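I have placed the structure first, in the form of structure tokens, so that the comments after it can refer back to it.
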Amino acid sequence: MSDTLFSSARRAPRRWWRRGAGMVVALVLVVVVVWALLIGALWVYAWFQLGGLDLSATEDDVAALGSVGAQSPDGATTILVAITAPRDPTIPREPDLVGPVALLQLSPTREVPAVLLLPTELPVSVEGLGRVDLDEVHAEGGEDLLARAVIDYAEVEVDHVVSVTEEAIPRMVELLGDVELCTPTGCTPASTQQIRAAQRSDDPEIYVRTLTDVLRGIGRSMDHTSVIRSPLTAKRAIDVVAEEVRTDASLRGRSLLHLAEGFSEVGGVEYDEVPLLRNPRSGELVPLEEPAMVRFQRLRDGSSLDVDEEDDAVEDLVIDLVEVAVLNGAGVAGLAADIQVQLETEGFRVVGTGNASSFDRTTTVVAYGPEPETTETAAVILAQRLGDGVQLDPLERAPTFEGEPVDLLVTVGSDLAPEGGP
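As numbered in my numbering, residues 992 to 1413 make up the sequence shown, in order.
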């Protein structure tokens, strides 16, 4: 009898322990299922909120653009990135660009991503609009027309398009709260003031390095585990992206998160910008076509954007294409010869000097014809080399020297005469 009582007393605690353990396991399973359903709902929410735009410029069946067709290295991913002013639904036009358009390329042939900046004032030819700058292209046709214009101009294949308002990155930094800017010397918290200043900066180094550091920080914060840790924050981040970011349809839903995670793992970036000169007469920017094409070619073949000294002397490429004649318009003895020596020292080819029809010039003028387009660029460079105040005179046909056409005709005024001259 005692054996039976002893045996019953030993079994009861085991049944209670099993019931308790079963309840805990069931509770854990319920929590896991609910959490999984919540995460799944977030992915579905992200899929519909981050729908993307159907952009014909990035579709595979679009006819090849440019004279040789758009090209990129095998395995490369090239992304067109534009930062715009906030969108106003009451205004029919697309918002202004507030920073240069960037071509970001990740490629197996590159040690680090390459970023080529295209100024918003870069003039391009667009069917139906004529020759307009990139800002006007975006205002008229949004991301699709902008992408098409850039692809046609640069002949670089673009895989994705990302358009971000200038409020998107600051809002994400404020939401996440733990975004850091990390450099080899350490990490510091990202500030919205610093980000906004970088977005409006004219310094390409500040623009590129600050924004890429911030995007890497956001990518580190918004990984897959962050969705599990804080679904509410993830939902709010999705809302910010849906309001402030536009992408092509191929970056729909999780693809955009994968892109952000991949970018967070890269180190530094190399960057360059398309060179432009400002025409002091008209105030318009003049592209240096040959140097620009060199940079686009580096994206097409996946080579480094770091240029050697010969390639970096972009103005010299234009100077070599023109012939210059110099006239003395001030009546100062030897003035034309002095300017000839100065210009030849700068690399210009001076074919001759002479006297102007009168000696009453007070301001030096550089005359040039309409063809080719590089002639205007060369005139701008020459005027800058001679000094402030030199004027440009665009003609309907090429100027002449001793009865023969020349690319540039410089009539020197008393403003460049030596001190003490008449």
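A virtual CB, placed ideally from N, CA and C, is assigned to each residue, including glycine.
Here the structure is a predicted model, which is why all the values come from computation and not from measurement.
Nearest to Ile1074 (by Cα), restricted to the options Cys1178, Val1170, Gln1190: The shortest Cα separation from Ile1074 among Cys1178, Val1170, Gln1190 belongs to Gln1190.
Cβ-Cβ distance between Asp1263 and Arg1243 below 7 Å: Taking a C-beta distance under 7 Å as the contact criterion, Asp1263 and Arg1243 do not qualify as a contact pair.
Rounded separation between Thr1179 and Val1232 - CA only: Put simply, the backbone Cα of Thr1179 is about 24 Å away from that of Val1232.
Buried versus exposed call for Val1332 [16 or more other C-beta atoms within 10 Å across all chains shown]: Taking a 10 Å sphere around the C-beta of Val1332, we find fewer than 16 other C-beta atoms and assign the residue as exposed.
Exposure of Arg1388, with buried meaning 16 or more beta-carbon neighbours within 10 Å: Exposed: under 16 other Cβ atoms inside 10 Å.
Burial state of Asn1346 (16 or more Cβ within 10 Å): Its Cβ having fewer than 16 others within 10 Å, Asn1346 is exposed.
Any C-beta of chain D under 7 Å from that of Arg1207: Considering every chain present, this structure includes no chain D. It has just one protein chain.
From Thr1366, Ala1408, Thr1355, Gly1060, residue whose alpha carbon lies closest to that of Asp1477: The requested residue 1477 is not part of the displayed model; the chain covers only 992 to 1413.
Continuous beta strand (DSSP E) stretch holding Gly1343: start and end: Per DSSP, Gly1343 is one residue of the beta strand (DSSP E) stretching across 1340-1346.
CB contact flag (Glu1104, Leu1097, <7 Å): Reading the sequence as shown, one finds Pro at residue 1104 and not Glu. For Pro1104 and Leu1097, yes; Cβs fall inside 7 Å.
Close Cβ partners of Ala1374 (< 7 Å) along its chain, the five nearest in sequence each way excluded: Only Pro1271, Val1357, Val1381, Leu1383 meet the Cβ criterion.
Whether Arg1376 touches Glu1335 by CB criterion (7 Å): With respect to Glu1335, Arg1376 sits apart: the two C-beta atoms are not nearer than 7 Å.
Pairwise C-alpha distance: Asp1292 and Ala1145: Near 13 Å, if we compare the C-alpha coordinates of Asp1292 and Ala1145.
Separation of Glu1314 from Val1260, as counted between CA atoms: Rounded to whole angstroms, Val1260 to Glu1314 spans 40 Å at the Cα level.
Cα-Cα separation between Leu1107 and Ser1241, rounded to whole angstroms: So the alpha carbons of these two residues sit roughly 22 Å apart.
Simplified DSSP assignment, three categories, for Asp1135: It is helical.
Per-residue DSSP class, three states only, for Glu1367: Helix at Glu1367.
Distance CB(Thr1402)-CB(Gly1320) smaller than 7 Å: Yes, they are a contact pair.
Three-state secondary structure assigned by DSSP to Pro1104: In the structure shown, Pro1104 sits in coil (DSSP, three-state: anything other than H, G, I, E or B).
Length-filtered (4 minimum) alpha helix (DSSP H) runs lying within the stretch 1158-1209: You should have 1159-1167, 1183-1190.
Local Cβ density within 10 Å of Asp1204, reported as buried at 16 or more and exposed below that: Residue environment for Asp1204: buried (at least 16 other C-beta atoms within 10 angstroms of its C-beta).
Gly1121 - partner residues in DSSP beta bridges: Paired residues: Val1117.
Alpha carbon of Ala1316 to alpha carbon of Glu1395, nearest angstrom: Rounded to the nearest angstrom, the two C-alpha atoms are 10 Å apart.
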